[in-house]
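A.B. asks: To start, I am sharing the structure in question, which I have written as structure tokens.
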Amino acid sequence: MFLLKELDELYNQFSDKAYEPKILDGKTKELIALACSIIVDCVPCIEHHYKKAVEYGVQEDEIMDAMGITMSVSAGSKRAKYQKLITELNK
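FYI, in full-length UniProt numbering the residues of the sequence shown are 1 to 91.
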């Protein structure tokens, strides 16, 4: 274990609570988690959330649609950062 047992248990409690269906259903939460995992480039997270999404009945076309949004957000952040940098450099 890489965390103190107490911290590991607290993380697990927090994570379990966050994924409980409340306002958003489990399927939606797993699509969000999968997209976030891709953005932060966490391969174990991607594997986990992909499997969970499939367990919730997420279809391949739904995953592809969500991944399009993920790619757009990722590319958009780079674009915005580049635009701001170029604007500052050209002053």
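C-beta atoms are modelled at their ideal positions from N, C-alpha and C, and glycine is treated no differently.
Assign Gly57 to one of three DSSP states: helix, strand, or coil.
C.D. replies: In the sequence shown, residue 57 corresponds to position 57, counting from 1. In the structure shown, the three-state DSSP call for Gly57 is coil.
A.B. asks: Taking the straight line between their C-alpha atoms, what separation do you get for His49 and Lys17?
C.D. replies: Residue mapping note: residue 49 aligns to position 49 of the sequence shown, counting from 1. Residue mapping note: residue 17 aligns to position 17 of the sequence shown, counting from 1. Cα-Cα distance, rounded: 16 Å.
A.B. asks: With 16 as the cutoff for other CB atoms within 10 Å, does Ala53 come out buried or exposed?
C.D. replies: Position 53 of the sequence shown, counted from the start, is the residue given in the question as residue 53. By the neighbour-count rule (16 or more Cβ atoms within 10 Å), Ala53 is buried.
A.B. asks: Do residue 109 and Ile38 have their C-beta atoms within less than 8 Å of each other?
C.D. replies: Residue coverage of the chain in this structure runs from 1 to 91, which leaves residue 109 outside it and unanswerable.
A.B. asks: Taking all protein chains shown into account, decide if Leu89 is buried (16 or more other Cβ within 10 angstroms of its Cβ) or exposed.
C.D. replies: For the purposes of this step, residue 89 is taken as residue 89 along the sequence shown, with counting starting at 1. Taking a 10 Å sphere around the C-beta of Leu89, we find fewer than 16 other C-beta atoms and assign the residue as exposed.
A.B. asks: For Thr70, count neighbouring C-beta atoms within 10 Å of its own C-beta (all shown protein chains included) and say buried if the count is 16 or more, exposed if not.
C.D. replies: Within the sequence shown, the letter at position 70 stands for residue 70. Burial call: buried.
A.B. asks: In whole angstroms, what is the alpha-carbon distance linking Tyr11 and Cys36?
C.D. replies: Position 11 of the sequence shown holds residue 11. Position 36 of the sequence shown holds residue 36. Roughly 18 Å separates the two Cα atoms.
A.B. asks: Using the C-alpha atoms, what's the distance from Leu34 back to Ser74?
C.D. replies: Here residue 74 is taken as the residue at index 74 of the sequence shown, counted from 1. Here residue 34 is taken as the residue at index 34 of the sequence shown, counted from 1. So the two alpha carbons sit approximately 14 Å from each other.
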